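Report on the structure given below.
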Amino acid sequence: MRIRLKPLREQVMVIANATGGVGPVLARRAAQAGARLLLAADEEPALRALAEDIRADGGEVEIVVADATAASAARRITEAALARFGGFDTWINMAATASAGPLLEQSLEALQDGFAPTYWRVVHGSLAAVHHLQRTGGALITVGIPAPAEDGPQGMDAVARQAIKGFTDTLRAEIEQAKTPVAVTLITPTARSSTGLPRSTDSPAGESAGARPSYAAGPVAEAVLHAAQHPLRNLVLGSRGGRRINLAGRLPPRLNRRLTAGAAASQAPAEDGSALPGVSTPALPYTPDVRGVGRPALAAVLVTAAGLLIWAALSRPER
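Residues in the sequence shown are numbered from 2 upward in steps of one, following the working numbering.
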């Protein structure tokens with residue numbers, strides 16, 4: 002089934018957890034592109050300041066002080082979009098980091114407190130979005146927890162990342178089976194910048210975060226805006242292993258599974274980039290294939306170059 006998404010200038014866009022991660026950069030760029038915005042977050046001062054900045058630049062924005070960690074809050078966000086704009090076309094979940102501390106060094110309560118808000122924010126937001134979009138069509142986009150630039154223990158971050166991916170993949174499969182006109186996209190940066198703190202405020206109190214490599218917010222925001230207009234599945238930013246996943250995301254599910262097998266084994270960063278202002282850790286770069294997501298000519302070259310990969314995938318049995 003072909004899913005048709007509107008250009009940004011015709012869209013109403015909901016950004017949940019809009020004050021976290023790349024949310025502010027995304028909101029400003031979406032408004033500059035002409036989208037009308039419903040911004041939701043539980044940090045009221047930061048939320049109001051962001052909305053005022055966007056309005057000062059001529060953008061149309063409404064806010065709701067709510068965190069989708071509760072199902073009732075996700076419904077309030079939906080109701081606010083219906084009341085102000087008559088509905089929405091794209092819903093964006095901004096997943097917060099959970100807890101990168103060693104599992105064996107944290108209490109069970111701390112592990113639960115780190116995982117629950119991160120995971121359920123995405124679940125409640127996604128379900129609320131799909132209940133609306135299944136009638137009108139549109140896009141559900143989740144910016145997931147950044148993958149690390151190097152292998153190693155990642156605590157509850159790794160657990161929450163996989164849980165979010167599992168939920169998103171399952172929801173997408175159900176939507177595709179029902180032939181519902183909703184594009185479901187999961188965007189995973191490979192260690193991106195955050196707006197001030199490398200840890201989410203959801204992390205257990207007193208956790209030692211440590212410095213992390215980061216990614217510039219701009220390319221992540223551009224990838225989200227592209228996915229809001231062009232149906233994608235899974236998009237990995239900033240790693241060589243992500244190239245196969247990105248190409249496979251444009252293919253039918255059966256071939257998608259074959260091409261993505263083993264892709265996670267190659268997650269090394271490439272080239273250079275720049276961090277958000279105020280973030281001291283250096284930004285790791287994006288690979289050329291990610292920068293070409295919104296460029297049809299480059300995308301065509303990449304798809305052509307993927308021919309050998311496709312042939313190899315089809316020639317070996319599916320496990």
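Think of the CB as a built atom: it goes at the ideal place given N, C-alpha and C, for glycine as much as any other residue. Fair warning: this is a prediction, and the values are worked out from it, not measured in the lab.
For residue 149, the three-state secondary structure derived from DSSP is coil. In terms of Cβ geometry, residue 186 and residue 237 do not form a close pair [threshold 8 Å]. About 10 Å separates the beta carbons of residue 64 and residue 16, which is beyond the 8 Å limit, so they are not a contact pair. About 5 Å separates the Cβ atoms of residue 78 and residue 67, confirming a contact at the 8 Å cut-off.
By the neighbour-count criterion, in which a residue is buried when 16 or more other Cβ atoms sit within 10 angstroms of its Cβ, residue 122 is buried. The Cβ-Cβ distance between residue 131 and residue 221 does not fall below 8 Å. Excluding residues up to 5 positions away in sequence, 118, 121 and 122 lie with their Cβ nearer than 6 Å to the Cβ of residue 70 in the same chain. Relative to residue 85, the option among 6, 37 and 25 whose CA is nearest is 37. Residue 25 sits away from residue 9, with the two beta carbons spaced by 8 Å or more. Listed in chain order, the non-local C-beta contacts of residue 137 below 7 Å within the same chain comprise 88, local neighbours out to five positions each way being set aside. Taken in chain order, the whole alpha helix (DSSP H) runs of length 4 or more contained in the stretch 63-126 are 72-86. Around the beta carbon of residue 14, 16 or more other beta carbons lie within 10 angstroms, which makes this residue buried. Your pair residue 158 and residue 91 does not check out as a contact, with CB atoms roughly 26 Å apart and the cut at 8 Å.
Exposure of residue 103 is indicated by the presence of fewer than 16 other C-beta atoms within 10 angstroms of its C-beta.
Within the same chain, Cβ atoms closer than 8 Å to the Cβ of residue 173 are found at 185 and 234, the five residues on either side in sequence being excluded.
The three-state secondary structure of residue 172, taken from DSSP, is helix. Between residue 181 and residue 135, the beta carbon gap of about 5 Å places them in contact (Cβ cut-off 8 Å). In the structure shown, the three-state DSSP call for residue 137 is helix. Residue 62 holds the alpha-carbon nearest to the alpha-carbon of residue 40 among 177, 62, 228 and 124. DSSP lists 188 as the beta-bridge partner residues of residue 236. For residue 139, the number of other beta carbons within 10 angstroms of its own is at least 16, and it is reported as buried. Looking only at 100, 126 and 32, the smallest Cα-Cα distance to residue 53 is reached by 32. The three-state secondary structure of residue 165, taken from DSSP, is helix. A straight line joining the alpha-carbon of residue 179 with that of residue 147 spans about 30 Å.
According to the DSSP secondary-structure assignment, residue 129 is paired through a beta bridge with no residue. With a cutoff of 8 Å on beta-carbon distance, residue 229 and residue 176 are scored as not near each other.
When only Cα atoms are considered, residue 27 and residue 164 end up about 24 Å apart. For residue 44 and residue 218, the gap between their C-alpha atoms comes out near 20 Å.
The bridge partners DSSP lists for residue 143 are 94 and 187.
Judged by DSSP in its simplified three-state form, residue 38 adopts strand. Across the set 133, 127, 156 and 183, the C-alpha of 127 shows the shortest separation from the C-alpha of residue 167. Selection 3, 161, 105 and 75 evaluated against residue 18 yields 75 as nearest (Cα-Cα).
Judged by DSSP in its simplified three-state form, residue 179 adopts coil rather than helix or strand.
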